[in-house]
Amino acid sequence: MDFATFLVQCLNAVQYGLLLFLVASGLTLIFGIMGVINLAHGSFYMLGAYLAFGLAPLFGQQFLTMLTVGVLLSALFGFVLEWAFFSYLYQREHLQQVLMTYALILVFEEARSLVVGNDVHGVQAPQWLAGSFALGGLMAYPWYRVFASVACLVVALALYWVVNRTRLGMMIRAGASNRDMVRGLGVDIRMLYRVVFAGGVALAALAGMIAAPLSSVYPGMGGSVLIICFVVVVIGGIGSISGALVASLLVGFVDTFGKVFFAELSGIGVYLLMAVILVWRPEGLMKRGY
Amino acid sequence: MRLIPRVTALAAVLCCAAAAHGQATAPIKVGLMLPYSGTYAGLGNAIENGFKLYVNEHGGKLAGREIQYFKVDDESEPSKATDNVNKLIKRDNVDVLVGTVHSGVALAMAKAAKDNNTLLIVPNAGADAVTGPMCGPNIVRSSFSNWQPGYAMGVVAGQKGVKRAMTITWNYAAGAESVKGFAEGLEKSGGKVAKDLNLPFPNVEFQALLTEIAAQKPDAVYAFFAGGGAVKFVKDYAAAGLNKTIPLYGPGFLTDGTLEAQGAAAQGMLTTLHYADNLETPRNEAFRKSYALTYKANADVYAVQGYDAAQILNAGLVAAKGDLAKRDVITAAMRKVTVDSPRGKFTISAAGNPVQDIYLREVKGINNEYRSVAVKALADPARGCKL
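If you're matching them up, the sequences are chains A and B in order.
For the first sequence, position 99 (counting from the first letter as 1) is numbered 108 according to the numbering used here, and the numbering increases by one without interruption.
For the second sequence, position 307 (counting from the first letter as 1) is numbered 300 according to the numbering used here, and the numbering increases by one without interruption.
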């Protein structure tokens, strides 16, 4: 592999890692801070992708407006979902959480099948992002991929700012390390959870919407994302935003270069990474809440 | 209380009479084990529709015997396959099994069909093993083997001057079989596969491997993907600009049923399959018209495979004059038949797989348009079959 190819592969790795981060950050918020094992997280990703498919014709070239509307709708959806189902789960065992969120996967898949059907659909990238640029004579690189990476970076920075620099973030961090103490200090922890959950759903849906023009939308698309997201969350440290970022990038690199150099074993590379890191640091790379 | 023995006796007489009567005219029990839920539900329905269309064209009877259907949703779930197929064989006592789409499930069905000596017609699943190591006199396939379209595409690629090709697929049996077929066809016509790329199923993060392709610059790429993965691969390939310099070939599954989602990225792509969207033969047009009238939907390759499954069964039953006891006559006739299929006439190999023309098709709009016959009367090598 020459140097130019190596650089392109690094770009691929970073880009994949950033998109992973967007989905996994929502999961780490919900899993780490609220302590709910949310298997339905992949479904929120799928929901976002289908939202993009449904909303794209309505908004035409107004892609950013569409993303905003989609995020608001999915946050609202998350808010209601937390109120209706998840708020009953905090005191329950993990097994019951797994059962209910798994049931939600089935419900979402069936609803998707009834509403949109089982066909594969494409989503057009907006005109102003449709082109591509040459990458050192090797291949073309679509602008949309650059846009996706930038969007993921912006979200990462915004998340960092919210969690580390705002009052809400302070409560979230406090809730992650000791929820009883936070409640004792008079914070409405139920509302806090509801907001965090809505935010987590919105992040997954945003990832789905951004990924939709890249990957098309199809049944079961949430399932494959879910597993790799759990890997990211476990590597990064449960409940840690910056851990999720580092872990996503690590997974991106291992996956990309694993496919190139060890094609036969590429399926296990990521899990090997997880095993090694868990032996080295059973808690994951970072502490929760940061 | 003397009444009861009498009633019993009467009932017994009636039962015997009914049974004797039933010997001649009891319906033939056909067990449809197909996916009716999940990703492949549409394929399962098309196959069932195609099968029933042929039966209904013959007044709901094959060889003068009524057909009674038993349905099981296999969910494309190999782990439930043995239980599901036993529902049909043991509980419903079906005479013939028809199924299925998913190769893993089909292999379990083939095993059960062999163990119980039940007739099995496979209307889609392409696993080479069904008519390879798993073959049996009671097992026939009405569709294709994964090897067939791959081999035909390899031959075509070689004829187009491809010397050095790369292949890419998911790391699973169907992909490996298809890619192997391509490599054999390409070698036959003067080229060689330089490198096989693969990624775990159902991973759709292709960018790293596309970069690898760009760096290696082969003469052509052969890809085997299906469903959402196929759409994403074709789009990513075009977005990377590779379609302008390195032609992308594949079996028909790369483009069938998903062209609307692939859009501009797929235009002009060449694929091979045993069916095409505009085969302008009277047989095909009559079939499509009849299908559209009955089901208010367009027929596809899966409907054709279901229809032909019924034709093959009919050939066997007609030879035995509808008498299921003449098993040897039925299985022999199902091998000897020349099926007048909407796809074109085909025969059945000793191993039970269609010996059929594989077409070269080109993507135009949302159709896979017929271009030429890639390989005439192509037979699967049926490796490992001792028939």
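For each residue, glycine too, the CB sits at the ideal point set by N, CA and C.
is_contact[residue i, chain B] using C-beta, thresh 7 Å
| i | result |
| --- | --- |
| SER225/A | yes |
| PRO135/A | no |
| LEU235/A | no |
| HIS103/A | no |
| HIS50/A | no |
| MET148/A | yes |
| ALA256/A | no |
| VAL129/A | yes |
| PRO66/A | no |
| SER158/A | no |
| GLY145/A | no |
| GLN70/A | no |
| SER186/A | no |
Cutoff 7 Å: residue i Cβ touching any chain A Cβ
| i | result |
| --- | --- |
| VAL197/B | yes |
| GLN298/B | no |
| LYS225/B | yes |
| GLN200/B | yes |
| GLY35/B | yes |
| ASN191/B | yes |
| GLU205/B | yes |
| GLY234/B | yes |
| THR32/B | yes |
| THR251/B | yes |
| ALA254/B | yes |
| ALA208/B | yes |
| GLY221/B | yes |
Endpoints, beta strand (DSSP E) assigned at residue i
| i | result |
| --- | --- |
| ILE60/B | 58 to 66 |
| PHE30/A | Run containing PHE30/A: none in the beta strand (DSSP E); it sits in the alpha helix (DSSP H), 12 to 37. |
| ARG364/B | 360 to 371 |
| ALA375/B | Per DSSP, ALA375/B belongs to no beta strand (DSSP E) and is neither H nor E. |
| ASP381/B | For chain B, the structure presents residues -6 to 380; residue 381/B sits outside this window and is missing. |
| PHE339/B | 337 to 341 |
Where the alpha helix (DSSP H) through residue i begins and ends
| i | result |
| --- | --- |
| PRO222/A | 198 to 224 |
| VAL255/A | 250 to 270 |
| PRO142/B | 140 to 152 |
| ALA39/B | 34 to 50 |
| ILE237/A | 230 to 245 |
| LEU286/A | For clarity, residue 286/A is Ile in the given sequence; the question names Leu instead. Start and end: 275 to 289. |
| VAL80/A | 72 to 93 |
| MET55/A | 50 to 68 |
Residues of its chain near residue i, where Cβ-Cβ distance is below 8 Å and the 5 sequence neighbours each way are ignored
| i | result |
| --- | --- |
| ARG154/A | GLN24 and LEU223 |
| HIS14/B | No answer about HIS14/B holds up, because its pLDDT of 47 lies below 50 and its placement is not dependable. |
| ASN127/A | PRO228 |
| LEU252/B | ALA259, VAL356, GLY358, ILE359, ASN360 and ASN361 |
| MET(-6)/B | Caution applies to MET(-6)/B, whose pLDDT of 43 falls short of 50 and renders its modelled position unreliable; the value that the coordinates give is listed next. Once the five neighbours on either side are set aside, MET(-6)/B has no close Cβ partner at all. |
Neighbourhood of residue i by C-beta distance below 7 Å, restricted to the same chain and skipping five residues each side
| i | result |
| --- | --- |
| VAL263/A | GLY278, VAL279 and LEU282 |
| ALA216/A | LEU28, LEU31, VAL32, TYR54 and GLY57 |
| PHE95/A | VAL45 and PHE206 |
| GLY315/B | ALA56, GLY57 and ARG58 |
| GLY231/A | GLY51, SER52, TYR54 and MET55 |
| GLY252/A | GLY245, GLY246, GLY293, LEU294 and MET295 |
| VAL80/B | The sequence given here has Lys at residue 80/B, not Val. Once the five neighbours on either side are set aside, the close Cβ partners of LYS80/B are VAL65. |
Close Cβ partners of residue i (< 6 Å) along its chain, the five nearest in sequence each way excluded
| i | result |
| --- | --- |
| VAL285/A | none |
| TRP140/B | ASP121, GLU170, GLY174 and ASP373 |
| THR162/B | GLY168, VAL172, ASN191 and PHE217 |
| ARG328/B | ILE341 |
| LEU36/A | HIS50, CYS238 and VAL242 |
| ALA214/A | PHE53, LEU56, GLY57 and SER83 |
| ILE21/B | ARG58, ILE60 and ASP88 |
Any non-hydrogen atom of the ligand NAD within 6 Å of residue i CB
| i | result |
| --- | --- |
| GLY358/B | Inclusion of the ligand NAD in the displayed structure is not the case, the ligand content being empty and no account of it being possible. |
**OP:** Answer yes if the region 300 to 310 of chain B comes into contact with the region 351 to 360 of chain B, meaning at least three C-beta pairs across the two stretches below 8 Å, and no otherwise.
**Re:** no
Original post:
How about the region 263 to 280 of chain A and the region 60 to 67 of chain A: do they share at least three Cβ pairs that are nearer than 8 Å?
Top reply: no
**OP:** List in chain order: all unbroken alpha helix (DSSP H) runs of 4+ residues lying wholly within the region 255 to 311 of chain B.
**Re:** 275 to 288
**OP:** Give, in chain order, every unbroken run of the alpha helix (DSSP H) that is at least 4 residues long and sits entirely within the region 80 to 115 of chain B.
**Re:** 96 to 109
**OP:** Jot down the residue ranges of each uninterrupted alpha helix (DSSP H) in the region 115 to 187 of chain A, minimum 4 residues, whole runs only, in chain order.
**Re:** 152 to 174 and 176 to 186
Original post:
Should the region 257 to 274 of chain B be called in touch with the region 17 to 24 of chain B, which here means at least 3 C-beta pairs below 8 Å?
Top reply: no
**OP:** Determine, using beta-carbon pairs with one atom in the region 65 to 74 of chain A and one in the region 12 to 26 of chain A, whether at least three such pairs fall under 8 Å.
**Re:** no
**OP:** Could you name each continuous alpha helix (DSSP H) segment of 4 residues or more that falls completely within the region 160 to 187 of chain B, going from the start of the chain to the end?
**Re:** 166 to 181
**OP:** Flag this pair as touching only if the region 196 to 203 of chain B and the region 228 to 241 of chain B have three or more C-beta atom pairs under 8 Å; answer yes or no.
**Re:** yes
Subject >> Whole beta strand (DSSP E) elements within the region 187 to 228 of chain B, 3-residue minimum >> reply: 213 to 217
Original post:
Can at least three beta-carbon pairs, one atom from the region 136 to 154 of chain B and one from the region 239 to 255 of chain B, be found at a separation below 8 Å?
Top reply: yes
Original post:
Counting pairs of Cβ atoms below 8 Å between the region 119 to 137 of chain B and the region 92 to 108 of chain B, do you hit three or more?
Top reply: yes
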